[in-house]
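> The structure that follows is given in the form of structure tokens.
Residue numbers (the working numbering): 56 to 460.
So, in structure tokens, the structure goes:
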């Protein structure tokens with residue numbers, strides 16, 4: 056049975072949500088599922104704007120066939136060729152053999168690679184500012200390379216002011232019937248998943264996101280239709296401002312996150328004692344994560360949120376504790392910058408995790424190291440407890456200095 060929604064004049068949502076898969080891209084935990092949005096414009100010409108993942112292909116095909124009825128599909132605009140949006144291209148060109156596929160030049164290279172067929176007979180190659188007339192609706196294409204793949208573009212409908220934004224402004228999570236961001240408590244229930252999606256999927260490409268935001272600022276946008284998450288028809292500046300902040304790598308909050316990696320509990324104890332010391336100094340909302348059990352994508356997202364990060368790691372096989380090393384390397388891979396960082400190491404005979412973590416942060420941009428560096432031998436003693444207290448004072452002072460900045 057079809058499940059479609061009218062969005063605005065001649066424009067329909069024909070996507071679907073999945074709550075079966077536990078991992079997105081076989082990497083990111085999605086306990087609340089995932090929404091795969093696809094859109095259809097029915098004008099003098101019909102136009103599909105992106106497709107879906109194989110996991111919801113059945114619902115998508117029912118939706119598309121129902122909406123088209125006896126009509127042909129004239130165009131498929133491919134804003135993003137990642138398989139979670141374009142898995143059904145081979146089926147589409149067989150079902151609708153006269154369809155034209157619209158995308159950047161790189162799009163068609165990726166079609167060849169993923170689907171092993173020559174798209175040339177179907178291809179319309181577009182570039183910055185090109186338009187496609189459907190009748191009343193005229194689509195204008197805005198290139199957005201490396202947000203977050205090289206072929207990406209976004210599409211603006213001049214007739215309705217609708218921006219089809221590809222992965223930009225997306226979120227993790229299935230949609231529970233409320234298609235629009237103003238139908239849910241977005242800040243309470245969806246901000247974290249929007250940040251988590253941004254940080255892990257798009258986060259590395261802040262400069263490219265900023266370039267797209269500048270282009271979008273020149274468009275009279277009435278609504279934003281991303282490929283994941285909710286449609287935005289009200290308060291567009293809320294999500295725009297969040298993206299501007301994330302893309303500039305500016306922390307959302309002057310707050311502290313403590314990450315620890317522990318083997319026999321000594322490093323965990325130090326992390327908890329430091330958290331208490333910070334609370335006693337008036338620091339609110341301190342968050343502590345055990346890197347061995349916490350979700351990696353959530354920890355990356357938290358680093359994009361908070362201004363001050365503490366990394367406390369046991370030494371394991373003369374290396375950083377395994378889970379901590381994964382986190383630190385992931386933060387570097389996502390180009391995290393403009394953060395204040397404190398380091399705590401632990402080791403029973405040859406602690407070296409701090410030096411190794413420091414080397415990673417030294418290779419990142421605009422990282423301010425907060426001293427003292429605390430080196431523990433197995434368990435805290437009076438001397439290292441005093442160092443921890445000094446570190447807590449330094450972090451609290453740094454937070455106070457940055458308030459209002």
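Note that beta-carbon positions come from the ideal geometry of N, C-alpha and C, so glycine has one too.
Considering only the alpha carbon of each residue, which of 107, 81, 425, 136 lies closest to residue 90?
Considering only alpha carbons, the answer is 107.
> I'd like the span of the beta strand (DSSP E) that includes residue 188, first residue to last.
Taken as a continuous stretch (DSSP letters only), the beta strand (DSSP E) holding residue 188 covers 186-188.
> Per DSSP, residue 31 is paired with what?
The requested residue 31 does not occur in the structure, where the chain is confined to residues 56 to 460.
> For residue 353 and residue 153, I'd like the C-alpha separation in whole angstroms.
Each residue's Cα considered, the two are about 44 angstroms apart.
> Answer with buried or exposed for residue 61, where buried requires no fewer than 16 other C-beta atoms within 10 angstroms of its C-beta.
So residue 61 ends up on the exposed side.
> For residue 97, tell me which candidate among 119, 79, 113, 109 has the shortest Cα-Cα distance.
Ranking 119, 79, 113, 109 by Cα distance to residue 97 puts 119 first.
> What's the gap between the Cα of residue 163 and the Cα of residue 138?
Between residue 163 and residue 138, the C-alpha separation is close to 13 angstroms.
> Note the first and the last residue of the continuous beta strand (DSSP E) segment covering residue 345.
Where residue 345 is concerned, the enclosing beta strand (DSSP E) stretches over 342-345.
> At what residues does the beta strand (DSSP E) containing residue 430 begin and finish?
Counting along the chain, the beta strand (DSSP E) containing residue 430 begins and ends at 429-431.
> I need the DSSP call for residue 422, collapsed to helix, strand or coil.
Note: residue 422 maps to strand in three-state DSSP.
> Which whole runs of the alpha helix (DSSP H) in the segment 139-199 are 4 residues long or more, in chain order?
As far as the segment 139-199 is concerned, its whole alpha helix (DSSP H) runs of at least 4 residues are 144-150, 160-170.
> Opposite residue 389 in the DSSP bridges: which residues?
DSSP, once it has assigned bridges, lists no residue as partnering residue 389.
> From residue 88 to residue 282, what does the alpha carbon distance come to, in whole angstroms?
Their backbone Cα atoms lie some 14 angstroms apart in a straight line.
> Kindly indicate which three-state DSSP category residue 316 falls into: helix, strand or coil?
Residue state, collapsed to three classes: strand.
> Can you check which of these residues, 180, 251, 74, 140, is closest to residue 198 by C-alpha distance?
Looking at the Cα atoms, 180 is the closest of the given residues.
> From what residue to what residue does the alpha helix (DSSP H) around residue 97 run?
Careful: residue 97 lies outside any alpha helix (DSSP H), inside the beta strand (DSSP E) at 94-97.
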